[in-house]
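Student: Residue numbers (the numbering used here): 8 to 480.
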């Protein structure tokens, strides 16, 4: 019971996390990114102090205070890391969202205070590092809520203005490391006024602009998530309807085909030629319906099959030989020459054997149906550069370049105006199913053809690394 309860709670946590926007799910990951950045900043401060004092000869640089500041940054960063690390998994984002936000805000306050101290130690109002206030405002506006961003804007404005005014009125001593900043005399009141007015105004403008953009993006993301959920719901309903419909239709179609077949064979008494002709036409129509149901069943299976669970190592060359043998009679009925070129190896691939066989069957039966009687159909499997390639070539009517562009789309039927193919039945699903099967297995499909020049359909998949001997064992 405890395990079931834990599993249920875990499932609810995952569902809640899936409902969050991307920025909320990745809040922990972004917090970790900031933590990593601080781990770089702390030693960078120490390195900068050492280089500035010992190498560049900057005078008046408070080495001790800056070193202690770097240690302080590293210390609170370690503390934040210890709290954040167990809570940064995006799958548990909903569970720890409030904690992560508090950590982000606490880190923001400590960063602003540390920055203010660093700016004061390296020039104060004259410091070249004043622009880092803007950097922190930008980061906060992009990652956190609008309220938090406005708090960051206010904090940056108060700290910067307070630092400049305190230095101007002599409330804190001016730090002027010679070589790091310009000038060492009293600060002009006009310069102070410029800093106090320009920087806060810039912070407010940047904060408002960025938070407005971020909010617009988050609204669009929420809308897209809602639409995606609706589409997923509709897809699930379609799959369930298709499954039920196929189940309800398949049985009566099979029974009707059997009964009509019995009548055609004379089991219910002799038939005159007109009756035989009518039954033949009915059976042909039922054959077309059965082929359509087969394609729809495969389409339903592609939507629900767990590829990882049902995939095994299989010989593509063996599957091809099996398909060619099973369709030899159909080819002979059209007086086709149907053969397979020998393959040097087993051509091992990893996938669902039944689906891969269906893809081969589609290529071979299409070649038989769309090649005028007395044609030649050659199938082969090739191995090269870690790929296994199936090719089925015919000397049939060919396909124009314009038609090839839409050949593998669903419900595409070509050749309706050609007298050799206009009577071929089908819903135009076959080649689109081949494409989906190939893509599910990490492969690609294509065709080489020209009008009146025959066609070569190909399907290429990643090859397995095991040898045929290993497979047979």
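Heads up, the beta-carbon is just placed ideally off N, CA and C, and yes, glycines get one too.
On a predicted model such as this, the values are computed, not experimentally measured, just so you know.
What are the complete alpha helix (DSSP H) segments, minimum 4 residues, inside the segment 18-93?
Tutor: DSSP runs (the alpha helix (DSSP H)) wholly in the segment 18-93: 29-32, 34-57 and 70-91.
Student: Applying the criterion that 16 or more other CB atoms from any shown protein chain within 10 Å of the CB defines a buried residue, is residue 464 buried or exposed?
Tutor: Label assigned to residue 464: buried.
Student: With burial defined as no fewer than 16 other Cβ atoms inside 10 Å of the residue's Cβ, what is the status of residue 229: buried or exposed?
Tutor: Its Cβ having fewer than 16 others within 10 Å, residue 229 is exposed.
Student: Pick from 261, 273, 277 and 324: whose alpha carbon is nearest that of residue 294?
Tutor: The shortest Cα separation from residue 294 among 261, 273, 277 and 324 belongs to 261.
Student: Keeping to the same chain, check which residues put their C-beta closer than 6 Å to that of residue 128; ignore five residues upstream and five downstream.
Tutor: Counting only Cβ-Cβ distances below 6 Å, and skipping sequence neighbours, we find 69, 72, 73 and 182.
Student: Roughly how many angstroms lie between the CA atoms of residue 223 and residue 153, to the nearest whole one?
Tutor: Taking the straight line joining both Cα atoms gives about 12 Å.
Student: Which of the three DSSP states, helix, strand or coil, is assigned to residue 187?
Tutor: Here residue 187 sits in coil by DSSP.
Student: Within 8 Å, do at least three Cβ pairs link the segment 376-383 to the segment 438-455?
Tutor: The segment 438-455, when compared against the segment 376-383, does not touch it at the 8 Å Cβ threshold.
Student: According to the neighbour-count rule (16 or more other Cβ atoms, all chains shown, within 10 Å of its Cβ), is residue 392 buried or exposed?
Tutor: Exposed.
Student: What is the rounded straight-line gap between the Cα of residue 466 and the Cα of residue 365?
Tutor: Looking at the two C-alpha atoms, the distance is approximately 12 Å.
Student: What do you reckon, are the CB atoms on residue 327 and residue 384 nearer than 7 Å?
Tutor: The answer is no: Cβ separation not under 7 Å.
Student: Hey, residue 119 and residue 163 are a contact pair by Cβ (cut 8 Å); roughly how many whole angstroms apart?
Tutor: Contact flag correct, Cβ pair sits at about 6 Å.
Student: Out of 329, 388 and 335, point me to the one whose CA is closest to residue 352's CA.
Tutor: Looking at the Cα atoms, 388 is the closest of the given residues.
Student: In the DSSP output, which residue or residues are listed as bridge partners for residue 357?
Tutor: In DSSP, residue 357 forms a bridge with 320.
Student: If you pair each beta-carbon of the segment 86-100 with each one of the segment 33-51, do three or more pairs fall below 8 Å?
Tutor: Taking 8 Å as the limit for Cβ pairs, the verdict is that the segment 33-51 does touch the segment 86-100.
Student: Could you please give the first and the last residue of the uninterrupted alpha helix (DSSP H) stretch that includes residue 169?
Tutor: Its alpha helix (DSSP H) spans residues 153-175.
Student: Cβ atoms of residue 123 and residue 481: under 7 Å apart, would you say?
Tutor: This structure cannot settle anything about residue 481, because the visible part of the chain is limited to 8 through 480.
Student: From the DSSP output, in three-state form, read off residue 464 for me.
Tutor: In this structure, residue 464 counts as strand in the three-state DSSP scheme.
Student: DSSP puts residue 386 in a beta bridge; with which residues?
Tutor: Paired residue(s): 347 and 399.
Student: In the DSSP assignment, what are the bridge partners of residue 470?
Tutor: Answer is 356, bridged to residue 470.
Student: Quickly, what does DSSP pair residue 454 with across the bridge? List them, please.
Tutor: Answer by DSSP bridge pairing, in chain order: 464.
Student: Excluding the 5 residues flanking residue 113 on each side, which residues of the same chain have their C-beta closer than 8 Å to its C-beta?
Tutor: Taken in chain order, the residues that qualify are 87.
Student: For residue 331, which residues from the same chain have a beta carbon less than 8 Å from its beta carbon, with the 5 sequence-adjacent residues on both sides left out?
Tutor: Counting only Cβ-Cβ distances below 8 Å, and skipping sequence neighbours, we find 345, 346, 347, 371 and 386.
Student: Would you decide whether residue 462 is buried or exposed? Buried here means 16 or more other CB atoms lie within 10 Å of its CB.
Tutor: Residue 462 should be labelled buried.
Student: Would you grab the beta carbon distance between residue 322 and residue 355 for me? Rounded to a whole angstrom, and I think it's under 8 Å.
Tutor: At roughly 6 Å, the Cβ-Cβ gap stays under 8 Å, so residue 322 and residue 355 are in contact.
Student: Give me the DSSP bridge partner(s) of residue 394.
Tutor: According to DSSP, which records beta bridges pairwise, residue 394 is partnered with 391 and 469.
Student: Rank 300, 148, 406 and 277 by C-alpha distance to the C-alpha of residue 214 and give the top, closest one.
Tutor: The option with the nearest alpha carbon to residue 214 is 148.
Student: Does the beta-carbon of residue 32 have 16 or more other beta-carbons within 10 angstroms, so that it is buried, or is it exposed?
Tutor: That one is buried.
Student: State buried or exposed for residue 65, treating a residue as buried only when at least 16 other CB atoms are found within 10 Å of its CB.
Tutor: Under this definition residue 65 is a buried residue.
Student: In three-state DSSP terms, what is residue 233?
Tutor: Helix at residue 233.
Student: Ordered along the chain, which non-local residues of its own chain (more than five positions away) have a Cβ less than 8 Å from that of residue 137?
Tutor: Cβ neighbours of residue 137 beyond the five flanking positions: 126, 167, 202 and 206.
Student: Inspect the beta-carbon positions of residue 320 and residue 357 and report whether they are closer than 7 Å.
Tutor: A contact, by the Cβ cut-off of 7 Å.
Student: Per DSSP, what kind of secondary structure is residue 342 in: helix, strand or coil?
Tutor: Coil, per DSSP.
Student: Tell me whether residue 437 is buried or exposed, calling it buried when 16 or more other Cβ atoms sit within 10 Å of its Cβ.
Tutor: Residue 437 comes out buried.
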